[in-house]
Structure formats: structure tokens, C-alpha cells
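The structure under discussion appears below in the form of C-alpha cells.
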Amino acid sequence: MNTSQKLINKIRKYDFKGLNNEFRESIELSIAKAVGENKPINLISFTCSTINSEYLFSDTPWLYVSTNPKGNNLTSDAVRLKEIFDDLRDIYPKVELNILIGNTDPYYIYLQQFKKFPKPKDMLWQEFSTRWSAYKINFEKWMRASIPEVRIISWYEFEKETESKTGRFFEKEYEKVKQDIYSYFTKDQLEWEFRKLQTQFGKGNYFENLEKPDDAMLKDWIVRKFTEYAVQAKWIFENIPNAILIQNEKPSDLRSEMYQPVIKKEFGDSLPIVYFFGVDNSGYQ
């Protein structure tokens, strides 16, 4: 059995969807291409920085970004992730594990691109950047305690580096997709997200110490969130070769769908996704 097929079989073993994975063909093509060219296979898992929700609408909104990785969304998956990574590397040493810290949500989603903030945008960016850098350092220490070879990527840094290399701007592409959101997503998808988001405020929930905003703002957040996912996926597809995303959010299928429409429209392709941590279409994360 050749290396590509060994990798495909091993991934299928760990993938909760197995042969029924909707991205099976693109996963197999990515693996065959990488191995055939002796290039890295880039496994990618998103994580978000932990938060202090009470600061989001304060005079110091950058303190919304915690610098302590304790309780991050990969905590329960780290042991299994190491096992999978080690097994795949035993077959093909050029398998790479990349953890992308999706840290720009406060800008693109919650603070609506700083549009309603009186402070200068450059100052706000600097304050957030300082917090994101501190979180990355601490998260990297935490993650490398279990997986020393892992590569930690700040989305903010990745975005700016890619803009510098390509001369294209993420925010410009984001605005274009946001203005035409219903050509990429259905009203049912956004409505489901709205109903779930309404439950995420108060004790024991994601925004534990934040008063629930009005429905108009929540609906705006949702449009922004779906837009950000779709454009981020496009940038991964274009700029990280042989990328395979590890789905670790809920609802699993909707989150995977959120990554696809811009890639499908512009390239007639998809971002391959595997389900190493299960499939949950009723939860919310």
C-alpha cells in the first residue's frame, strides 16, 4: 500500500464521518497531491482566544481578549489531537499541524470594525494586537507542552503578512461578501444562528458577563460572522497549500458549510474538512 493510501486510511479511521465525509474526494486529492510532490500536508485547527466578556463594550475593549489560555476550546481535544498527529507523522513525516488563533472576531464581528468607537482606529488596533500577541505566547506554551511540533498562527498576523505579500486586502474582500451575504448563505442558516446566539448571554454561557445586545445588533453580528468564516476559508485555500481543516466547532455541519461558499463560487472547489472530534449538529460553539 502506498503512502497516500495509508494516510487516507488512517484519516478515515479517525474521522467520525469516515466514508460518508462530504469532503472525501477533496481530502484524498489533497493528500495525493502533497505526497506526490513531497510537500507538507497542512492540518489546520481553529481556536479562539479566551475572553473577558465584560470588557467588550467598555472604554478598554481590548481587555475582552484574555491572555490566559486556560479553558480554551481545544482543551478537551488536545490528547486525541496528539495521538492523531503522531500516527499520521509516522506514515508521512511532512504532516504539519497548524493551530490558527481566530483573534479578529472583536474587530470584524462584535465591534463592527470599530465604526461606533470614538477612539482612533490605529490606537485600538495596537491595543488589541498587544493582547493578541500575549495570548499567542501563552497559548503556544500551553499547546507545545503536549505537541512540541505544533505551529501556532495568529490570524491577525497571517492576514497582515498575506496582505503585504499579495497586495490584496482582507477587509475589502470581507466587505464585498458581506454586502451580498444572501448569495452565499440562506436565511434559514442565519436564522438558526440567531436563535442560538440569543441563548449565549448570562451565567454559564459564552458571553457570561455581557448584557445581551438588541436583536438588530445580534443579527448584524451573524452576518459578519458568516462573512468572516467564508473569506477566511478562501484565504486559507489560496495561501496554505494542501490544507485540511479539522472541524472542532458546533454545529459541525453548519460550521463546515460556512467555510465553503466563496471558494465554491470563485474556484468551483471546497476546503477539505475532517471530523476528528465527533459530529454534533445540535450544540453551539
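With our numbering applied, the sequence shown covers 79 to 363.
Here a beta-carbon is modelled for each residue, glycine too, at the ideal position from N, C-alpha and C.
Keep in mind the model is a prediction, meaning the values are calculated, not measured.
Phe-345, DSSP secondary structure in three states: One-based indexing of the sequence shown puts residue 345 at position 267. Here DSSP, grouped into helix, strand and coil, assigns Phe-345 to helix.
Would you report the Cα separation of Glu-237 and Lys-148, rounded to the nearest angstrom? The residue given as residue 237 occupies position 159 in the sequence shown. The residue given as residue 148 occupies position 70 in the sequence shown. In this structure, the alpha-carbon of Glu-237 lies about 25 Å from that of Lys-148.
How do the region 102-109 and the region 127-145 stand: do at least 3 beta-carbon pairs fall below 8 Å, yes or no? A contact between stretches requires three or more CB pairs, one per stretch, nearer than 8 Å, and the region 102-109 fails this requirement with the region 127-145.
Evaluate contact between the region 285-300 and the region 332-340, counting only Cβ atoms and requiring at least three cross-stretch pairs below 8 Å. The answer is no - the region 332-340 does not touch the region 285-300, with fewer than three Cβ pairs under 8 Å.
Host beta strand (DSSP E) of Leu-268 (start-end): The count along the sequence shown starts at 1 and reaches residue 268 at position 190. Taken as a continuous stretch (DSSP letters only), Leu-268 belongs to no beta strand (DSSP E), being part of the alpha helix (DSSP H) at 265-275.
Taking the C-alpha atoms as reference points, what is the distance between Leu-152 and Met-201? Translated into the one-based positions of the sequence shown, residue 152 becomes position 74. Translated into the one-based positions of the sequence shown, residue 201 becomes position 123. Going from the Cα of Leu-152 to the Cα of Met-201 covers about 31 Å.
My output table needs one value for Thr-208: the three-state DSSP class, helix, strand or coil. Taking the first residue of the sequence shown as 1, we reach residue 208 at position 130. Three-state result, Thr-208: helix.
Distance CB(Asn-317)-CB(Trp-233) smaller than 8 Å: Taking the first residue of the sequence shown as position 1, residue 317 is located at position 239. Taking the first residue of the sequence shown as position 1, residue 233 is located at position 155. No, the pair does not count as a contact, with Cβ atoms beyond the cut-off.
State the DSSP-derived secondary structure class of Arg-222, mapped to helix, strand or coil. Translated into positions along the sequence shown, residue 222 becomes position 144. DSSP places Arg-222 in helix when its eight states are reduced to three.
Whole-angstrom Cβ separation of Asn-320 and Lys-111, contact assumed at under 8 Å? Residue numbering aside, residue 320 sits at position 242 when the sequence shown is read from its first letter. Residue numbering aside, residue 111 sits at position 33 when the sequence shown is read from its first letter. About 6 Å; that satisfies the 8 Å criterion.
For Ile-225, which residues from the same chain have a beta carbon less than 8 Å from its beta carbon, with the 5 sequence-adjacent residues on both sides left out? Counted from its first residue, the sequence shown places residue 225 at position 147. Around Ile-225: Ala-156, Leu-159, Lys-160, Phe-163, Leu-175.
Assigned exposure category for Phe-248 - 16 Cβ within 10 Å defines buried: As a working note, residue 248 is residue 170 in the sequence shown. By the neighbour-count criterion, in which a residue is buried when 16 or more other Cβ atoms sit within 10 angstroms of its Cβ, Phe-248 is buried.
Determine, using beta carbons only, whether Ile-322 and Asn-99 come nearer to each other than 8 Å. Position 244 of the sequence shown holds residue 322. Position 21 of the sequence shown holds residue 99. No. Outside cutoff.
Count the other CB atoms within 10 Å of the CB of Pro-196; is the residue buried (16 or more) or exposed (fewer)? If you number the sequence shown from 1, residue 196 lands on position 118. Result: exposed.
Give me, in chain order, the residues of the same chain whose beta-carbon lies closer than 6 Å to that of Ile-351; leave out the 5 immediate sequence neighbours on both sides. Translated into the one-based positions of the sequence shown, residue 351 becomes position 273. Cβ neighbours of Ile-351 beyond the five flanking positions: Phe-101, Leu-323, Gln-325, Ser-334.
Exposed unless 16 or more other CB atoms sit within 10 angstroms - verdict on Arg-246: Locating residue 246 in the sequence shown gives position 168, counting from the first residue. Exposed: under 16 other Cβ atoms inside 10 Å.
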